[in-house]
Amino acid sequence: MRLVRNELDVKGLRKVLLALLTTLLVLTNSFTITAKTEVGDNIQRLQRAAEYIIKRYDPMIGLVSESEDTGSVAPDGTPCYRTFWIYSDNLWASKALRRFNSTIAGNISKTIAPYIKRVGNANLFEVLLGEKITNVRYGKRNICVAYYIIDGENHTIWADRHQEGDGGIFYDAEEYADLCFYLALNCHLNGDKENATRLLRVGEGMWDGHGFLDKAAKEDGRFQNYKLGLYLFTVKVLGYNSTIYDSVERVAWSYQKENGG
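Going letter by letter, the sequence shown gives residues 1 to 261 in the numbering used here.
Shown next, in the form of structure tokens:
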């Protein structure tokens with residue numbers, strides 16, 4: 001089976017945010033890490049990535065949109081450039097942009113706070129920010145938290161939540177590379193280094209030189225490139241001696257567009 005990159009690339013923003021979060025983590029030591037990394041070689045790419053996210057910021061909504069695409073994968077069919085996700089996109093953006101544009105980062109934090117208070121945490125994405133999640137993985141529930149009409153066009157704000165009752169239990173969680181990495185981070189937070197390393201290795205084992213060939217990739221026939229950034233982030237947090245880190249990083253950056261996304 002020949003896998004391709006998703007043409008709509010709606011996960012592109014998540015990939016960019018992960019790159020910035022990894023850098024922020026290393027520069028500020030905001031997550032307890034044991035590995036050192038050099039960010040100088042990628043500083044221009046990271047700056048372009050930050051500029052891309054900032055361009056996606058809508059001051060009227062106070063959030064960054066899903067992407068610049070006019071297509072849609074939102075439940076209501078709203079185009080990507082008018083669709084906004086509380087998490088993961090804006091939750092991560094509120095942290096990732098701190099070193100690049102603290103004003104916008106602060107505005108995003110203020111915007112998402114009341115929404116998160118209303119619908120709760122995602123129980124998934126916040127583990128990258130050092131917050132524990134459940135070891136049982138649940139399917140998602142897309143919750144529309146706000147809907148606005150601006151200049152005759154709808155703008156929709158969503159939350160991608162994974163709490164108990166939102167979806168079925170992933171009994172096959174270890175067949176998905178991203179879930180392995182999220183769970184590895186959670187084990188790390190819980191002091192379970194043995195399982196953290198084991199889960200990272202399980203996810204790492206799905207690497208085929210182009211992407212993580214996990215259950216989702218096999219079913220969809222497409223790689224999800226944000227998993228590359230998630231792997232790189234997890235490796236840094238765990239201080240894991242990866243033999244494929246450079247290859248994964250090279251592929252991740254090869255997907256960066258001219259606009260930084």
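For glycine and all other residues, C-beta sits at the position ideal for the given N, C-alpha and C.
None of these values were measured; they are calculated from a predicted model.
Going by beta-carbon coordinates alone, are residue i and residue j separated by less than 8 Å?
i	j	result
Ala122	Val145	no
Leu91	Ile112	yes
Arg82	Glu153	yes
Gly209	Ser247	yes
Thr70	Thr156	no
Ile150	Arg161	no
Arg141	Gly168	no
Ser88	Phe125	yes
Leu13	Arg56	yes
Tyr182	Asn225	no
Ala252	Leu232	yes
Once you ignore the five residues that flank residue i on each side, which residues in its own chain have a CB closer than 6 Å to its CB?
i	result
Gly211	Phe223
Phe170	Arg137
Met206	Ala177, Phe212, Leu213, Asp214
Glu194	none
Glu115	Here the sequence assigns Tyr to residue 115, which means Glu is not the residue at that position. Once the five neighbours on either side are set aside, the close Cβ partners of Tyr115 are Ile86, Val145.
Thr32	For Thr32, the pLDDT reaches just 47, beneath the cut-off of 50, and the residue's location in the model is therefore unreliable, leaving the point undetermined.
Lys36	Unreliable placement is indicated for Lys36, whose pLDDT of 43 sits below 50; the coordinate value is still reported in the next sentence. Contacts found: none.
Whose C-alpha, out of the options, is nearest the C-alpha of residue i?
i	options	result
Ser102	Arg250, Ile53, His188	Ile53
Tyr148	Arg48, Ile61, Val16	Ile61
Leu68	Cys80, Pro75, Met206, Lys110	In the sequence under discussion, the amino acid at residue 68 is Glu, which differs from the Leu named in the question. Minimum Cα distance to Glu68 is reached at Cys80.
Ala93	Arg198, Leu128, Arg161	Leu128
Gly165	Tyr138, Ile150, Ser254	Tyr138
Val119	Trp85, Ala173, Asn190, Leu17	Trp85
Tyr240	Arg14, Ala184, Gly167	Ala184
Glu131	Phe181, Asn186, Gly191, Ser72	Asn186
Glu175	Arg48, Arg99, Glu219, Leu18	Glu219
Thr134	Val73, Asn190, Pro59	Asn190
Lys95	Arg48, Val16, Lys117	Val16
Phe100	Lys117, Gln47, Arg198	Gln47
Residues in the same chain with beta-carbon distance under 7 Å from residue i, minus the five sequence neighbours each way, listed in chain order, please.
i	result
His188	Ala196, Val237, Leu238
Asp178	Lys227, Leu230
Gln163	Gly120, Asn123, Tyr138
Apart from the five residues just before and just after residue i, which ones in its own chain have a Cβ nearer than 8 Å to its Cβ?
i	result
Leu97	Leu20, Ala50, Ile53, Ile54, Ile104, Ala105, Ile108
Lys110	Gly62
Pro75	Asn142, Cys144, Trp158
Asp172	Lys215
Asp58	Val64, Ser65, Phe84, His155
Which whole-angstrom value describes the C-beta separation of residue i and residue j, a residue pair presumed to lie in contact below a C-beta threshold of 8 Å?
i	j	result
Leu200	Thr243	Between Thr243 and Leu200 the Cβ distance is about 12 Å, and since that is not below 8 Å, they are no contact.
Below 7 Å, is the gap between the Cβ of residue i and the nearest heavy atom of the ligand ADP?
i	result
Pro75	Among the components modelled here there is no ligand, and therefore nothing to report on the ligand ADP.
With 8 Å as the threshold, decide whether the Cβ of residue i is near any Cβ in chain B.
i	result
Tyr240	No chain B appears in this structure, which consists of one protein chain only.
- Item | In chain order, each alpha helix (DSSP H) run of at least 4 residues that lies wholly inside the region 125 to 202 | 177 to 189
- Which runs of the alpha helix (DSSP H), 4 residues or longer, sit entirely within the region 54 to 102? 91 to 96
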